[in-house]
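The next block holds one structure in the form of structure tokens; read it before the comments.
Chains as they are written, first to last, in our numbering: chain B, 0 to 123; chain H, 8 to 381.
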């Protein structure tokens with residue numbers, strides 16, 4: 000069973016994402032801030048991380064993504080950035096951080112599932 | 008929240024806060040934001056108000072409390088009525104209407120914002136014209152020009168402060184890396200520091216790549232750094248090295264000006280006047296009254312600059328403060344890192360829920376297809 004980690008500070012959005020993923024057979028883990036999300040990713044080794052960009056605390060989503068991609072132990076983890084910021088420079092920042100995909104909120108849950116499927120199939 | 012409800016609550020004359028049991032703010036209308044400095048996602052900071060909210064939620068009965076308001080970086084007392092919320096887990100805080108003096112001050116700020124900007128621009132042009140006339144060697148005229156320049160700078164800051172007075176003005180969510188921003192602003196101020204015989208040592212504690220970012224207004228935080236660095240340059244005697252440090256303490260970033268005299272009471276002795284087109288000898292040759300006027304304008308500018316910085320930093324959820332260590336005064340800019348919640352998050356939650364609802368049938372169909380392959 001594929002493992003997905005949701006890192007999102009807003010509880011309502013996190014719940015909606017979980018409800019979306021529960022339609023598929025994923026093992027789901029959650030974190031509400033970047034620092035804990037990074038530690039959880041290192042501990043749980045998910046196949047894919049859904050990562051909010053703007054979060055309070057020490058690490059935002061872009062920094063978590065950079066650290067995951069710069070660490071040989073976690074480089075393989077697919078990262079999908081979720082953000083309300085949809086300008087070109089924000090996407091560029093996501094690409095520079097090593098993100099595999101970038102979805103702008105409010106995103107289509109169906110598109111989210113299809114994106115996850117596509118990324119995980121590529122690693123199979 | 009329904010847009011109509013938002014508009015109704017925004018137009019309430021008294022301030023309104025909608026808070027969770029744990030003090031987390033879920034909604035704040037413009038009046039409440041201005042008077043308390045609280046925005047959605049922040050927590051109540053006044054312990055009496057926190058207790059009153061907890062009591063209202065626990066007992067489901069209204070209460071009253073006097074709380075400390077913090078909008079604009081100045082503390083004031085606000086009478087609050089705390090009402091149990093619509094669920095059993097939250098409460099409403101109604102802020103008593105402001106007294107007439109506060110309303111008059113709001114009107115003054117409005118006048119400054121709208122009526123001062125154009126005359127200032129014209130005065131700057133006139134000053135530039137005066138200075139541009141070739142052959143002006145009269146030192147007193149130069150000193151008058153310097154005094155006018157200082158006065159115009161003070162008024163510029165007043166207009167900026169008035170612009171920020173309605174704290175809804177600060178709605179940007181720029182991603183800001185504080186350390187590169189501080190270095191960039193120092194690069195702008197450095198020529199002035201060199202002119203005054205000053206150097207600076209800027210240090211980031213730890214690896215600069217590990218420093219947290221924050222989300223807010225890069226324009227206004229740049230202004231805070233500019234004001235503080237200029238104040239440090241102005242206050243420090245020639246030959247000094249300014250020590251400025253960036254520290255990361257968990258979810259807080261601290262910019263520390265160590266013994267730099269930031270927003271100190273007076274200019275350092277022997278310091279060259281800021282923006283000094285007049286040479287020191289010329290400034291000294293001017294009449295004492297002119298020197299005093301320039302000094303008074305510089306002091307006013309300093310105080311307005313401090314108010315401006317306090318307001319900007321408080322809108323970002325931070326504070327300015329001083330600390331003393333072994334008799335030495337340090338000035339700190341203390342900012343929370345990461346992104347605060349913004350008032351449009353409720354709309355985003357609703358929009359995301361609507362997207363989920365609209366995709367629900369397709370998600371269910373897809374799940375059925377996967378479970379029963381052809």
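The beta carbon of each residue, even a glycine, is placed where N, CA and C say it ideally should be. This one's a predicted model, so the numbers in the text were calculated from it and none came from an experiment.
Could you tell me which residues DSSP puts in a beta bridge with residue 73 of chain H?
-> Secondary-structure assignment with DSSP links residue 73 of chain H through a beta bridge to H/86.
Neighbourhood of residue 39 of chain H by C-beta, 7 Å cutoff - its chain only, sequence neighbours within 5 removed = Around residue 39 of chain H: 22, 23, 24, 45, 102.
Go to residue 27 of chain B, then tell me how far its beta strand (DSSP E) extends in each direction, as first and last residue.
-> Looking at the DSSP string, the run of the beta strand (DSSP E) that includes residue 27 of chain B is 25-30.
Among residues of its own chain, excluding the 5 on either side of residue 186 of chain H, which ones have a beta-carbon nearer than 7 Å to its beta-carbon?
-> Counting only residues of its own chain and dropping the five nearest sequence neighbours on each side, residue 186 of chain H has a CB closer than 7 Å to the CB of 211, 215, 218, 253.
State the start and end residues of the unbroken beta strand (DSSP E) segment that holds residue 4 of chain B.
-> Its beta strand (DSSP E) spans residues 1-6.
Does any residue of chain H bring its CB to less than 8 Å from the CB of residue 0 of chain B?
-> Judged by the 8 Å Cβ criterion, residue 0 of chain B is not in contact with chain H.
Cβ atoms of residue 87 of chain H and residue 51 of chain H: under 8 Å apart, would you say?
-> Not in contact: residue 51 of chain H and residue 87 of chain H (Cβ atoms no closer than 8 Å).
Compare the C-alpha of residue 319 of chain H against each of H/228, H/74, H/32, H/338 and name the closest.
-> Checking every option, the nearest Cα to that of residue 319 of chain H belongs to H/228.
Rounded C-alpha distance that separates residue 4 of chain H from residue 35 of chain H = The structure shown does not extend to residue 4 of chain H, since chain H is modelled only from 8 through 381, so no value can be given for it.
Let me know the beta strand (DSSP E) ranges lying completely inside the segment 173-257 of chain H, each 3 residues or longer, listed in chain order.
-> Contiguous beta strand (DSSP E) elements confined to the segment 173-257 of chain H occur at 181-184, 206-211, 220-223, 248-256, taking only those with 3 or more residues.
Does DSSP put residue 47 of chain H in a helix, a strand or coil?
-> Secondary structure of residue 47 of chain H (DSSP, three-state): coil.
Distance between residue 84 of chain H and residue 90 of chain H (C-alpha atoms, nearest Å) | Near 19 Å, if we compare the C-alpha coordinates of residue 84 of chain H and residue 90 of chain H.
Shorter than 8 Å from the beta carbon of residue 344 of chain H to some beta carbon of chain B?
-> It does; some Cβ of chain B falls within 8 Å.
For residue 257 of chain H and chain B, any beta-carbon pair shorter than 8 Å?
-> Cβ-Cβ to chain B under 8 Å: yes for residue 257 of chain H.
Could you tell me if residue 206 of chain H is buried or exposed, where buried requires 16 or more neighbouring beta carbons within 10 angstroms of its beta carbon?
-> By the 10 Å Cβ count, residue 206 of chain H comes out exposed.
Looking at the unbroken alpha helix (DSSP H) that takes in residue 35 of chain B, where does it start and where does it end?
-> That run of the alpha helix (DSSP H) goes 33-43.
Closer than 8 Å by beta-carbon distance: list the chain H residues that pair up with residue 15 of chain B, in chain order.
-> Near residue 15 of chain B (Cβ distances below 8 Å), the residues of chain H are 359, 360, 363.
Taking buried to mean at least 16 other C-beta atoms within 10 Å of its own C-beta, is residue 37 of chain B buried or exposed?
-> Residue 37 of chain B sits buried, since 16 or more C-beta atoms from the chains shown fall within 10 Å of its C-beta.
Amino acids of chain B, ordered along the chain, whose beta-carbon sits closer than 8 Å to that of residue 373 of chain H | Residues of chain B passing the Cβ test: 22, 109, 112.
Give a yes or no on whether 8 Å exceeds the smallest Cβ distance from residue 57 of chain B to chain H.
-> With 8 Å as the cut-off, residue 57 of chain B counts as an interface residue toward chain H.
Positions along the segment 83-106 of chain B whose CB lies within less than 9 Å of some CB in chain H = Listed by position along the chain: 83, 84, 89, 92, 104, 105, 106.
Using only alpha-carbon positions, find the residue among H/69, H/258, H/360, H/199 that is nearest to residue 245 of chain H.
-> Closest by alpha carbon: H/199.
Please confirm if residue 62 of chain B has its CB atom under 8 Å from at least one CB of chain H.
-> Yes, because at least one Cβ of chain H sits closer than 8 Å to the Cβ of residue 62 of chain B.
Check each residue of the segment 204-234 of chain H: if its Cβ is closer than 8 Å to any Cβ of chain B, include it; give the result in chain order.
-> Cβ proximity to chain B below 8 Å picks out 219, 220, 222 from the segment 204-234 of chain H.
Could you name the residues that DSSP lists as bridge partners for residue 336 of chain H?
-> Its beta-bridge partners are H/331.
Which word fits residue 269 of chain H, buried or exposed, when buried means at least 16 other C-beta atoms lie within 10 angstroms of its C-beta?
-> When all chains shown are included, residue 269 of chain H counts as buried.
Is residue 155 of chain H closer than 8 Å to residue 134 of chain H when the C-beta atoms are compared?
-> Contact flag set, yes.
Any idea if residue 248 of chain H is buried or exposed, counting beta-carbon neighbours within 10 angstroms, 16 or more meaning buried?
-> By the Cβ-count criterion, residue 248 of chain H is exposed, with fewer than 16 other Cβ atoms from all chains shown falling within 10 Å of its own Cβ.
Could you work out which residues of chain H lie near residue 46 of chain B, taking near to mean beta carbons separated by less than 9 Å?
-> Taking a Cβ-Cβ cut-off of 9 Å, residue 46 of chain B has no neighbours in chain H, whose nearest Cβ is about 18 Å from it.
Look at the Cβ atom of residue 57 of chain B, then the Cβ atom of residue 258 of chain H, and state whether they are nearer than 8 Å.
-> Note that the C-beta distance between residue 57 of chain B and residue 258 of chain H is below 8 Å.
Going by the beta-carbon positions, is the gap between residue 323 of chain H and residue 342 of chain H smaller than 8 Å?
-> Yes. Within cutoff.
CA-to-CA distance, residue 271 of chain H to residue 250 of chain H, given in whole angstroms = Taken atom to atom, the span from the alpha-carbon of residue 250 of chain H to that of residue 271 of chain H is near 16 Å.
Cut-off 6 Å between Cβ atoms - residues of its own chain near residue 67 of chain H, not counting five sequence neighbours on either side = Around residue 67 of chain H, the same chain offers 91 as residues with beta carbons nearer than 6 Å, after the five sequence neighbours per side are excluded.
For chain H, find out if any of its Cβ atoms is closer than 8 Å to the Cβ of residue 11 of chain B; answer yes or no.
-> Chain H contact via Cβ: present.
Buried or exposed: where does residue 11 of chain H fall if 16 or more other Cβ atoms within 10 Å of its Cβ makes it buried?
-> Residue 11 of chain H comes out exposed.
Give a yes or no on whether the minimum CB-CB distance between residue 73 of chain B and chain H is below 8 Å.
-> So no, residue 73 of chain B is outside the interface.
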